[in-house]
Ligand code: FES
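Residue numbers (UniProt numbering): 1 to 192.
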């Protein structure tokens with residue numbers, strides 16, 4: 001007697017369920033991820049918008065200075081981002097002195113051109129913060145000690161900066177920092 005065999009049908013219910021199951025799971029995962037993404041954005045947006053600087057902070061981040069009254073040989077002190085800012089108008093002799101200094105003699109080699117703007121080589125704008133440990137150097141006010149190199153002198157540990165604000169002697173490792181700035185008119189600079 002012939003044996004009765006049951007052949008499997010093509011595309012069984014089990015296979016279809018498996019495929020459907022994968023599809024359903026994919027859909028659920030994608031939906032969950034999308035919902036998660038939207039949720040994360042909803043949380044992040046207020047955080048990011050809070051982190052954006054307010055107009056007050058933006059205004060504080062730049063400093064405008066009228067430099068028209070600074071005579072050659074004079075310097076003034078201002079404030080930039082709550083730190084002292086030195087602005088000096090160099091004399092022709094000081095410019096010549098800065099330019100005649102051999103670059104090899106400098107601990108932090110920079111020319112005067114590197115530290116000033118084209119067309120305004122006589123205007124030296126630096127932070128008034130010693131690069132050793134952050135004291136405020138002398139040399140801005142009339143009669144103050146300008147050190148051995150006729151620039152700025154930091155009395156805290158004896159750092160001497162030259163007429164271009166470059167470190168020449170003492171423990172400070174680098175030149176006085178020149179901040180970002182530009183001229184917004186013939187007479188006004190914007191620092192920051
Ligand atoms: S902080 Fe200026 S020399 Fe030390």
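Where is the CB? At the ideal position from N, CA and C, for every residue including glycine.
Distance between residue 158 and residue 169, taken at the CA atoms: about 8 angstroms. Under the DSSP assignment, residue 138 falls outside any beta strand (DSSP E); it carries neither an H nor an E label. Excluding sequence positions up to five before and after residue 116, its CB lies within less than 7 angstroms of the CB of 123, 124, all in the same chain and listed in chain order. Residue pairing by DSSP puts residue 159 in a beta bridge opposite 154. Cβ contact annotation for residue 83 (same chain, cutoff 8 angstroms, sequence separation greater than five): 127, 128, 129, in chain order. Judged by DSSP secondary structure, residue 124 falls within the beta strand (DSSP E) whose first and last residues are 123-127.
Distance check between residue 174 and each of 119, 133, 64 places 133 closest, using alpha-carbon atoms only.
Residue 63 is bridged by DSSP to 191. Not one heavy atom of ligand 1 falls within 7 angstroms of the beta-carbon of residue 176. For residue 108, there is no enclosing beta strand (DSSP E), since its DSSP letter is neither H nor E. Restricting attention to 86, 85, 100, the CA atom closest to the CA of residue 92 is found in 100. Note: residue 77 is bridge-paired with 86 in the DSSP secondary-structure output.
Counting other Cβ atoms within 10 Å of its Cβ, residue 187 stays below 16 and is therefore classed as exposed. Out of 119, 166, 75, the CA that lies nearest to the CA of residue 106 is found in 166.
Cβ contact annotation for residue 68 (same chain, cutoff 6 angstroms, sequence separation greater than five): 187, in chain order. Under the three-state reduction of DSSP output, residue 145 falls in the coil class, being neither helix nor strand.
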